[in-house]
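*Asks:* Following the numbering used here, the numbering of the sequence shown begins with 174 at its first residue and continues without gaps. Quick one: the structure is below, and I'll ask about it shortly.
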Amino acid sequence: MQIFFIPKPLAIILCFILWPVLQIAAAAVCHKLPERFLSYSSFFYRSHGWEKGGEIYRRIFRVHRWMKLLPESADIIKGSYRKKSLNGISKSSLEKHLLESCRAEMTHWLAIPPFWIFGLFSPPRVILYMLIYALAVNLPCIITLRYNRPRIVKLLGRLDRHTPGGSEHSANK
Numbered sequence: 174m175q176i177f178f179i180p181k182p183l184a185i186i187l188c189f190i191l192w193p194v195l196q197i198a199a200a201a202v203c204h205k206l207p208e209r210f211l212s213y214s215s216f217f218y219r220s221h222g223w224e225k226g227g228e229i230y231r232r233i234f235r236v237h238r239w240m241k242l243l244p245e246s247a248d249i250i251k252g253s254y255r256k257k258s259l260n261g262i263s264k265s266s267l268e269k270h271l272l273e274s275c276r277a278e279m280t281h282w283l284a285i286p287p288f289w290i291f292g293l294f295s296p297p298r299v300i301l302y303m304l305i306y307a308l309a310v311n312l313p314c315i316i317t318l319r320y321n322r323p324r325i326v327k328l329l330g331r332l333d334r335h336t337p338g339g340s341e342h343s344a345n346k
């Protein structure tokens, strides 16, 4: 529901300014989240049966064909963790990658709901456009993260089985 009536050109400029601010705010919030909220084995982040270990994203969305085209936050935000490729295959490296993939997924989920804010200063139909934009920008990233995470968990499991003391994997406790 439009509450503030501002000139149309100003509303358009505000949309272009506000979206990056909202997305950076979501990233900043997630960057500060304690690691205990980012466990890849928790209900929110783990692969569910219907996802078939990420295979559903490969079959339905053909994620393997376009995921390399997505931007990498580490190229934009200094100090961000690079998730586009593995930074090593050690246990600690894979666990860090899984942690940061959970952080990235939460960031993208949190970047979607603010679409309604644009309805405060724009006509009601703009809210639909902003929702479409929020989904178009964030869902491909979420799909990619949910496609890759089970594959990395499987790799970590294989590494655990071949590492002495591997049954004491701390991330699955």
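Note that CB positions come from ideal geometry on N, CA and C, so glycine has one too.
#1: Please work out which residues of its chain come closer than 6 Å, Cβ to Cβ, to Cys356, disregarding the five sequence neighbours upstream and downstream, and give them in chain order.
#2: For Gly261, does the count of other Cβ atoms within 10 angstroms reach 16, so buried, or fall short, so exposed?
#3: Given that a residue counts as buried once 16 or more other Cβ atoms are within 10 Å of its Cβ, and exposed if not, what is Phe291?
#4: Just checking, does the segment 229-242 make contact with the segment 311-318 on the three C-beta pairs under 8 Å criterion?
#5: Closest to Ala284 by C-alpha separation, out of Ala184, Ile176, Leu191, would be which residue?
#6: Is there contact between the segment 318-331 and the segment 218-234, where contact requires at least three CB pairs shorter than 8 Å?
#7: For a quick check, are the C-beta atoms of Pro287 and Leu187 less than 7 Å apart?
#8: Report back the beta-carbon spacing between Leu267 and Leu332 to the nearest angstrom; my notes put them in contact at under 8 Å.
#9: With 16 as the cutoff for other CB atoms within 10 Å, does Ser340 come out buried or exposed?
#10: Return the residue from the list Ala200, Ser295, Trp289 that minimises the CA-CA distance to Pro180.
#11: By Cβ distance below 7 Å, which residues in the same chain neighbour Arg347 in space, the five residues on each side in sequence not counted?
*Replies:* This is what the structure gives:
#1: With the chain covering 174 to 346 only, the question about residue 356 has no answer from this structure.
#2: Within the sequence shown, residue 261 is the residue found at index 88, counting from 1. By the neighbour-count rule (16 or more Cβ atoms within 10 Å), Gly261 is not buried but exposed.
#3: In the sequence shown, the residue the question calls residue 291 occupies position 118. Label assigned to Phe291: buried.
#4: yes
#5: Taking the sequence shown and counting its residues from 1, the one referred to as residue 284 is at position 111. The shortest Cα separation from Ala284 among Ala184, Ile176, Leu191 belongs to Leu191.
#6: yes
#7: As a working note, residue 287 is residue 114 in the sequence shown. As a working note, residue 187 is residue 14 in the sequence shown. Result no, Cβ atoms of Pro287 and Leu187 do not sit closer than 7 Å.
#8: As a first step, residue 267 must be located in the sequence shown, where it is residue number 94. As a first step, residue 332 must be located in the sequence shown, where it is residue number 159. With a Cβ gap of about 7 Å, Leu267 and Leu332 count as contacting.
#9: Position 167 of the sequence shown, counting from 1, holds the residue named residue 340. Confidence at Ser340 is low in this model, with a pLDDT of 47, below 50, so its placement is unreliable and no value can be given for it.
#10: As a first step, residue 180 must be located in the sequence shown, where it is residue number 7. Checked all of Ala200, Ser295, Trp289; the closest Cα to Pro180 is Ser295.
#11: An answer regarding residue 347 cannot be provided, because it is not within the stretch 174 to 346 covered by the chain.
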